[in-house]
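Right, one structure below, let's go through it.
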Amino acid sequence: MSQEDLSAMIARVALGDRKAFASLYSETSAKLFGVALRILKDRAQAEDAVQEVYVRIWRRAGSFRVGQASAMAWLVTIARNQAIDMIRARQPATLDYDEAPEIADPAMDPEARAVLGGESQRIEACLGELEASRAAAVVA
Numbered sequence: 006m007s008q009e010d011l012s013a014m015i016a017r018v019a020l021g022d023r024k025a026f027a028s029l030y031s032e033t034s035a036k037l038f039g040v041a042l043r044i045l046k047d048r049a050q051a052e053d054a055v056q057e058v059y060v061r062i063w064r065r066a067g068s069f070r071v072g073q074a075s076a077m078a079w080l081v082t083i084a085r086n087q088a089i090d091m092i093r094a095r096q097p098a099t100l101d102y103d104e105a106p107e108i109a110d111p112a113m114d115p116e117a118r119a120v121l122g123g124e125s126q127r128i129e130a131c132l133g134e135l136e137a138s139r140a141a142a143v144v145a
């Protein structure tokens with residue numbers, strides 16, 4: 006199908022011609038599916054993308070300007086953008102470092118280690134002042 010025929014078909018789709026839309030689908034769906042599949046690398050997602058592409062084509066056919074770009078380039082651009090949008094949507098959102106929840110460190114922080122070290126030295130000093138039998142009773 007020539008570019009002129011595609012352009013005319015898109016113009017008829019812009020006027021709400023369902024037959025032209027069906028013809029446009031049958032002439033271009035394989036190519037647009039290939040574009041989506043190449044980007045998404047998943048057959049089911051590519052099928053979903055193509056479905057959304059044709060919804061966009063139906064709604065935006067009036068925005069196609071003959072002579073600005075080829076009809077097929079316009080259709081492929083819609084398919085490419087839809088596939089990229091789907092990739093962006095499936096990527097998990099990242100948080101800024103300041104917004105991320107703090108994760109507790111299972112190890113003792115230096116201050117806690119210093120306090121614990123000082124306490125153990127005092128306990129050892131106190132045990133040293135006791136008789137050996139009483140110190141042994143406290144430790145056991």
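For the sequence shown, our numbering begins at 6 and goes up steadily by one. Built from N, CA and C at the ideal position, the CB exists for glycine as well.
C-beta contact flag for residue i and residue j at 8 Å
i             : j           : result
isoleucine 83 : valine 55   : no
isoleucine 15 : leucine 37  : no
alanine 140   : leucine 132 : yes
alanine 41    : alanine 88  : yes
Local conformation of residue i per DSSP, three classes
i             : result
alanine 112   : coil
alanine 146   : Outside the shown range of the chain (6 to 145) lies residue 146, about which nothing can therefore be said.
methionine 91 : helix
leucine 121   : helix
Distance between residue j and residue i (C-alpha atoms, nearest Å)
i             : j                : result
leucine 11    : isoleucine 92    : 28 Å
alanine 19    : glutamine 96     : 34 Å
valine 143    : glutamine 126    : 15 Å
alanine 76    : glutamine 8      : 6 Å
arginine 43   : phenylalanine 26 : 24 Å
asparagine 86 : arginine 61      : 11 Å
glycine 123   : aspartate 114    : 15 Å
arginine 66   : glycine 21       : Going by the sequence as given, residue 66 is alanine instead of arginine. Using only the alpha carbons, I get a separation of about 9 Å.
lysine 46     : valine 81        : 17 Å
methionine 6  : alanine 94       : 34 Å
serine 68     : alanine 78       : 14 Å
arginine 23   : arginine 17      : 9 Å
alanine 119   : glutamate 129    : 15 Å
query: Along the chain, which unbroken stretches of the beta strand (DSSP E) at least 3 residues long are found entirely within the segment 9–83?
result: none
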